[in-house]
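In terms of my numbering, the sequence shown opens at residue 79 and continues consecutively.
In what follows, a structure is listed as structure tokens, so that the remarks can point back to it.
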Amino acid sequence: MEKLKIEGFKCFKDILIPINELTVLVGSNGFGKSTTIQALLLLRQALDNGSWVALNETFGLELGTTSDIINQNYSDSKITIQLLDDFDGKVLIGCKLNIEDKLDELVLPSELNVASDETLFSNSHFYYVSAEREGPRTSQKLSPMDYLSCGTRGERTAQVLGTDAGMVKILTERMFPGSKNPNLNAQVNEWLSTIFHKIKVMANIDTKLMRASIRTSNQFAIGDVQTTNMGFGLSYVLPIIVDGLVAESNSLFIVENPEAHLHPAAQTAIGYFLAFIAFSGVHVILETHSDHVIDGIQLFGLQHKDWLSKITINNYGIEDGGAPVVTPISIDAAGNYSDWPKGFMDQTQINYMERLKIKSND
């Protein structure tokens with residue numbers, strides 16, 4: 079396990095956040111879940127660029143200027159983002175970013191620690207599916223790729239799925255349990271079958287038009303149909319499934335709101351899928367507001383009890399003094415949570431008690 083140290087960035091004056099093989103970020107709005115992901119994206123940029131970090135556009139970030147991101151109670155002139163070894167506190171990788179000028183980029187001084195082979199960023203391949211994903215499209219334009227990746231908004235999903243006519247071979251450990259066909263398209267459809275009822279997808283690349291498209295088939299349509307004839311759920315979940323299946327071992331995969339536009343049963347299924355991907359060797363960090371996604375992760379963990387210690391649920395709350403606080407929660411072999419802070423999976427019970435009060439007053 080590692081810990082993410084953030085100093086002076088947005089809501090965090092100074093905080094340590096546990097990072098496990100599967101890390102789930104939950105809690106109320108405005109307490110630092112997105113800030114945690116943004117800090118990781120800035121650190122990824124620092125590694126890629128080596129001398130500066132853009133606050134806008136890269137990875138879809140729109141952070142404004144340095145004056146917009148500095149914590150109001152922070153007196154230093156540098157933002158610190160580091161990954162620490164949980165055992166001895168050693169800095170595995172990190173950077174300190176100058177914030178003196180009110181610019182839309184941060185200068186990276188010499189304090190960039192080089193990644194070891196064991197850190198979250200040791201693999202150069204990086205996958206990030208943001209909350210703001212592309213909805214149904216008739217097609218998507220082709221774009222250059224250093225490696226297979228659906229892009230921040232899922233804008234290359236059709237292109238990745240259509241590469242080599244969907245015959246890209248995925249790793250054996252990523253294959254749907256009990257399946258035999260290792261081709262990407264076949265595996266995507268296997269996992270889709272756990273989320274949607276009798277829906278299959280296939281992709282086509284038109285090199286003349288420089289476009290890629292996805293068609294779907296279901297039990298109601300005559301032949302294949304465009305994804306624009308479907309709701310948003312399919313388009314929103316596809317890049318998550320595709321990126322999860324093609325991700326290299328020991329790489330980092332960040333997903334925001336995997337539950338978007340999905341029925342509760344489908345939310346449970348995508349939670350289960352992301353736990354499976356983490357179990358297969360990909361570092362997964364996901365942000366969610368869905369109890370059902372957490373249920374799916376819990377179910378997978380109970381089927382793989384030796385791996386439960388590799389799951390950490392970070393609940394974001396706020397102290398009495400107003401500072402954000404992160405409470406790490408683990409799952410034991412009986413499926414119990416190690417802690418149950420206020421705001422963690424309790425809204426159904428709160429609503430139930432409110433209904434009882436209303437009934438008692440009738």
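Just so you know, even glycine gets a beta-carbon here, dropped at the ideal spot from N, CA and C.
Exercise for the section: Leaving out five residues on either side along the sequence, give the residues of the same chain with a beta carbon under 6 Å from the beta carbon of tyrosine 152. Expected result: Gly86 and Lys91
Practice task
Since I believe leucine 226 is in contact with valine 360 (beta carbons under 8 Å), could you give me their beta-carbon distance rounded to a whole number of angstroms?
Solution key: That pair is no contact at about 13 Å.
Problem - Distance CB(glutamate 326)-CB(asparagine 201) smaller than 8 Å - result: yes
Problem - Buried/exposed call for glutamate 135, threshold 16 Cβ in 10 Å - result: exposed
Practice task
For methionine 288, collect the residues of the same chain with a Cβ closer than 8 Å to its Cβ; drop the 5 residues on either side in sequence, then sort them by chain order.
Solution key: Lys219 and Leu220
Practice task
Would you list, in sequence order, the uninterrupted alpha helix (DSSP H) runs of no fewer than 4 residues that lie entirely inside the region 344–429?
Solution key: 369–381
Handout entry: Residue from Asp284, Gly128, Ala264 and Arg122 with nearest C-alpha to tyrosine 205
Key = Arg122
Practice task
Count the CB pairs spanning the region 375–382 and the region 342–359 that are closer than 8 Å, and state whether there are at least three.
Solution key: yes
Problem - Three-state class that DSSP yields for methionine 245 in the structure shown - result: coil
Exercise for the section: Compare the beta carbon distance of isoleucine 348 and isoleucine 318 with 8 Å and say whether it is the shorter of the two. Expected result: yes
Problem - Bridge-paired residues (DSSP) for leucine 162 - result: Lys81 and Val169
Handout entry: Residue nearest to threonine 305 in terms of C-alpha spacing, selected from Gln265, Arg215 and Ile248
Key = Arg215
Problem - Residue from Lys383, Thr405 and Pro406 with nearest C-alpha to alanine 412 - result: Lys383
Handout entry: CB of alanine 117 within 8 Å of CB of isoleucine 84, strictly
Key = yes
Problem - Where threonine 294 sits in the DSSP three-state scheme - result: strand
Exercise for the section: Could you check what DSSP says for leucine 100 in three-state terms: helix, strand or coil? Expected result: strand
Exercise for the section: Quick one: residues in its chain with C-beta nearer than 6 Å to the C-beta of proline 406, no 5 flanking neighbours on either side, listed in chain order? Expected result: Pro96, Thr390 and Asn392
Handout entry: Span of the beta strand (DSSP E) around isoleucine 273
Key = Counting along the chain, isoleucine 273 falls outside any beta strand (DSSP E), and DSSP gives it neither H nor E.
Handout entry: Buried or exposed (CB count within 10 angstroms, at least 16 for buried), arginine 433
Key = exposed
Exercise for the section: Whole angstroms is fine: what's the gap from glycine 314's alpha carbon to alanine 299's? Expected result: The residue you asked about is not glycine; residue 314 is tyrosine in the sequence shown. Between tyrosine 314 and alanine 299, the C-alpha separation is close to 21 Å.
Problem - Separation of aspartate 224 from threonine 114, as counted between CA atoms - result: 26 Å
Exercise for the section: Check each candidate in Ile277, Phe331 and Gly301 and name the one with the smallest Cα separation from glycine 311. Expected result: Ile277
Problem - Integer Cβ distance of arginine 231 from serine 208, believed to fall under 8 Å - result: 6 Å
Exercise for the section: Let me know the secondary structure DSSP gives alanine 150 once reduced to three states. Expected result: As written in the sequence, residue 150 is glutamine, which differs from the alanine given in the question. Here glutamine 150 sits in coil by DSSP.
Handout entry: tyrosine 314: first and last residue of the uninterrupted alpha helix (DSSP H) it sits in
Key = 310–324
Practice task
Classify methionine 280 as helix, strand or coil using the three-state DSSP reduction.
Solution key: strand
Exercise for the section: Return the first residue and the last residue of the alpha helix (DSSP H) that isoleucine 177 is part of. Expected result: Careful: isoleucine 177 lies outside any alpha helix (DSSP H) and carries neither H nor E.
Problem - Cβ-Cβ distance between lysine 63 and threonine 158 below 8 Å - result: Limits of the chain in this structure are 79 at one end and 440 at the other, which puts residue 63 out of reach.
Practice task
Let me know if aspartate 369 comes out buried or exposed under the rule of 16 or more other beta-carbons within 10 Å of its beta-carbon.
Solution key: buried
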